[in-house]
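Undergrad: Residue 90 in this note's numbering sits at position 90 of the sequence shown; the count goes up by one each step and never skips.
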Amino acid sequence: MLILYRIYQFTIYWPILLVATILTASLTIIGSALGWGRSWGYYIPRLWAKLFCWLTFVKVTVKGRENVEKGKSYVFVANHQGAYDIFAIYGYLNHQFRWMMKKSLEKIPLVGYSCRVSGQIYVDNSSPSAIRETMEDAKKQLAGGMSVVVFPEGSRTFTGAVGRFKRGAYTLAMEFNLPVVPITIDGAFKVMPRTAKLPHWGHITLTIHKPIEPGDEGHDLNRLMEDSRNAILSSL
């Protein structure tokens, strides 16, 4: 069965997704140039992400959608099990957002530029002025009910275990007084761990936890980080 799956991937899956990726990036750039980046920068890549899951026979189940309100801004924080975290969240969160992503990803041909013009937030920690510019970009994107999604571990896990969280997403939440919504991603490590070159069929579960308000019950930055991490761990 696995051999047939690999043959399918090389003959059907990869060619379709290569074309779909180029088309998605191109349409996003065109839409952004026409002033439609806010919607085209989300809905077109959302279809692209679902296509990745459909074509690799990856089922995504979402729990806890009732915990977030449509049109409200949040800082979503999620554990980072593998490459399919991106496709699962993009395709199935069903809430307008922008990614906070490593600036190095801007170098990806065509895709990096499409992310830039559609308002994805590249994180630059090279200097205090660059950090301030990142925060200003985030502030602009968060207007009007837009949210952001961050992987506070910073990179994919090697073992499947949840790593140490970094402070950036929580600093953003506290500065703009935004609720932090933890998301548990479970199953993506089996679909495509960091060490794998090809995905495997499987089932990913997204659990959207209740928002944590930065100002509630004395939530300082450290407690905000701890409580959101514990929430994520509770559904693994």
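All C-beta atoms, glycine included, are put in the ideal place defined by N, C-alpha and C.
Going by C-alpha to C-alpha distance, which of Cys-115, Ala-83, Met-135, Ser-235 sits closest to Lys-173?
TA: Reading off the sequence shown, one finds Ala at residue 173, where the question assumed Lys. Of the candidates Cys-115, Ala-83, Met-135, Ser-235, the one whose C-alpha sits nearest the C-alpha of Ala-173 is Met-135.
Undergrad: Which residue's Cα is closest to the Cα of Lys-102: Val-117, Gln-96, Val-123?
TA: Considering only alpha carbons, the answer is Val-123.
Undergrad: Tell me which residue opens and which closes the beta strand (DSSP E) that Met-100 is part of.
TA: 97 to 102 is the extent of the beta strand (DSSP E) around Met-100.
Undergrad: Cα separation between Leu-178 and Leu-55?
TA: Near 36 Å, if we compare the C-alpha coordinates of Leu-55 and Leu-178.
Undergrad: Which one of Thr-171, Phe-151, Trp-201, Ala-231 has the shortest CA to CA distance from Asn-5?
TA: Residue 5 is actually Tyr in this sequence, not Asn. The shortest C-alpha separation from Tyr-5 is found at Trp-201.
Undergrad: Grab the span of the beta strand (DSSP E) containing Pro-182 for me, first residue to last.
TA: Looking at the DSSP string, the run of the beta strand (DSSP E) that includes Pro-182 is 180 to 186.
Undergrad: What are the boundary residues of the beta strand (DSSP E) that includes Ala-78?
TA: Per DSSP, Ala-78 belongs to the beta strand (DSSP E) from 75 to 78.
Undergrad: Taking the beta strand (DSSP E) that Tyr-122 falls in, what are its first and last residues?
TA: Taken as a continuous stretch (DSSP letters only), the beta strand (DSSP E) holding Tyr-122 covers 121 to 123.
Undergrad: Restricting to Cα atoms, I'd like to know which of Gly-35, Ser-228, Ile-30, Ile-131 is closest to Pro-214.
TA: Nearest of Gly-35, Ser-228, Ile-30, Ile-131 to Pro-214, Cα basis: Ser-228.
Undergrad: Count Cβ pairs between the region 36 to 43 and the region 111 to 121 that sit closer than 8 Å; are there 3 or more?
TA: Because the criterion of three Cβ pairs below 8 Å is met, the region 36 to 43 and the region 111 to 121 touch.
Undergrad: Kindly indicate if chain C contains any beta-carbon less than 8 Å away from that of Leu-47.
TA: The question asks about chain C, but that chain is absent: this structure has only one protein chain.
Undergrad: Do Ile-183 and Phe-87 have their beta-carbon atoms positioned less than 8 Å apart in this structure?
TA: No, they are not a contact pair.
Undergrad: Taking the alpha-carbon positions, what's the Ala-143 to Phe-10 distance?
TA: When rounded, the distance between both Cα atoms is 42 Å.
Undergrad: Would Ala-196 be called buried (16 or more neighbouring beta carbons within 10 Å of its own) or exposed?
TA: It is exposed - the Cβ of Ala-196 has fewer than 16 other Cβ atoms within 10 Å.
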